[in-house]
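In mature numbering (1 follows the signal peptide of the UniProt record, and there is no 0), the protein residues as written are -27 to -1, 1 to 98.
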């Protein structure tokens, strides 16, 4: 569980950076919350499971409906990702961990976990 939630947590921080959600005050193209959610889903769906050769999309761990983006104000959005219901025995714990930025930061301080996560987000050759 720690590997999967660490993987998603690290990826969330990358997704935020890549999609411009973390750039406060930066000029962004106006997009609907649904478009932002689909953009995030497109980035996380190809992450490979650390214990299997499949992606999270292939395993149906994440689906388009698992990503929610809510506008807080004009410059800030709240991003939440949940694993698909019934795909893991500790689903509630994983959902809590992947949406907690302090846990994300702590998980990425572990060099072994960070290496596993980095391997899972690499595009296959």
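Ideal Cβ placement from N, Cα and C applies to all residues, glycine included.
Burial state of residue 29 is buried, judged by a 10 Å Cβ sphere holding 16 or more other Cβ atoms.
Taking 3 residues as the shortest admissible run, the segment 16 to 92 contains the following complete beta strand (DSSP E) segments, listed from N- to C-terminal end: 40 to 44, 50 to 54.
Here DSSP, grouped into helix, strand and coil, assigns residue 95 to coil.
When only Cα atoms are considered, residue 19 and residue 94 end up about 7 Å apart. Spanning the alpha carbons of residue 77 and residue 90 requires a straight line of approximately 12 Å.
When the Cα atoms are used, residue 37 and residue 65 turn out to be separated by approximately 18 Å.
With a beta-carbon spacing of about 7 Å, residue 35 and residue 57 fall inside the 8 Å limit used to define contacts.
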